[in-house]
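Those letters in the sequence shown? Residues 3 to 229, by this note's numbering.
Note that beta-carbon positions come from the ideal geometry of N, C-alpha and C, so glycine has one too.
Keep in mind the model is a prediction, meaning the values are calculated, not measured.
Each remark here refers to the structure printed beneath this line.
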Amino acid sequence: MKILIVEDEVSIAEVVGAYAKRDGYEVVYANDGEEALEKFDEDHFDLVVLDLMLPKINGEEVCRRIREKSSVPIIMLTAKSSESDVVYGLDTGANDYVTKPFSPRVLMARIRANLRQKETRDNIAAGVFAGGRIEIDPERVEIRKDGVSIPVTKSEFLIFSTLVSKPVRTWSREEIIRSALGDDYDGFDRTIDTYVKNLRKKLAEPGHENGWIKTIYGFGYRFDDEK
Ligand code: CA
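Structure, rendered in structure tokens:
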């Protein structure tokens with residue numbers, strides 16, 4: 003796994019790089035936005051750690067340009083922490099953000115979580131289910147019902163896609179967490195129930211009150227692939 007670290011402050015880049023190498027990743031550094039885009043084009047990267055305030059081309063613009071050609075996970079490092087800045091960062095296509103000053107351990111956990119989610123997304127087959135009524139679109143992280151996009155969070159998308167990926171299989175809560183949210187997920191098994199409840203609220207209709215998600219009592223959930 004190879005990570006591109008885009009950071010003009012050498013001391014921060016070195017710390018991030020050292021932790022990443024210790025965790026077994028290959029590391030390539032870029033000191034400004036222009037170099038970041040050049041290096042990104044020259045090589046294959048599994049993830050990008052991207053500082054926001056960069057010389058030449060700023061992080062937001064770098065993020066936007068990478069997004070035009072790639073779905074690589076991007077974690078933004080930002081000193082900005084107000085809510086609107088964070089929303090803006092995510093709007094430019096970043097998958098996640100960590101605000102400075104940050105703990106390298108937290109950043110590494112985010113890197114693992116984002117790589118895991120990428121793997122899950124890559125394993126999600128785009129397709130139509132429930133007799134063609136429900137569509138899963140991993141590229142756009144979108145669930146559509148009868149052609150209409152259902153507003154879901156990233157976690158809800160990943161959980162629903164996990165269930166749909168093997169329609170006849172019943173998943174335990176723990177399996178859903180491991181597959182959809184990753185090992186670093188620190189919540190309780192029962193949190194899945196809240197996600198499922200929200201998904202049902204968004205997908206349900208008369209005749210499909212369970213939102214195509216069947217509860218298997220004492221075990222977990224499965225996708226209810228009925229028309
Ligand atoms: Ca900077």
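Contact test: residue i Cβ vs ligand 1 heavy atom, cutoff 7 Å
i      : result
Leu183 : no
Glu11  : yes
Leu56  : yes
Asp53  : yes
Cβ pair residue i, residue j closer than 8 Å
i      : j      : result
Phe221 : Pro169 : no
Phe131 : Val166 : yes
Ala206 : Asn200 : no
Tyr219 : Val198 : no
Val29  : Lys23  : yes
Val12  : Ala38  : no
Arg202 : Ile215 : yes
Asp34  : Lys4   : no
Closest residue to residue i among the options (Cα-Cα distance)
i      : options                         : result
Leu49  : Asp139, Met55 and Ser73         : Ser73
Pro75  : Glu37, Thr196, Ile152 and Thr94 : Thr94
Val17  : Met110, Pro57 and Ala128        : Met110
Ala15  : Leu79, Glu40 and Val64          : Leu79
Leu117 : Pro103, Arg135 and Asp98        : Asp98
Glu9   : Asp45, Glu40 and Leu56          : Leu56
Ser157 : Asp43, Ala182 and Lys147        : Ala182
Separation of residue j from residue i, as counted between CA atoms
i      : j      : result
Lys204 : Ala128 : 20 Å
Gln119 : Ile113 : 10 Å
Glu70  : Ile161 : 26 Å
Phe1   : Ile179 : Residue 1 lies beyond the range of the chain shown here (3 to 229); nothing can be said about it.
Gly19  : Ser174 : 37 Å
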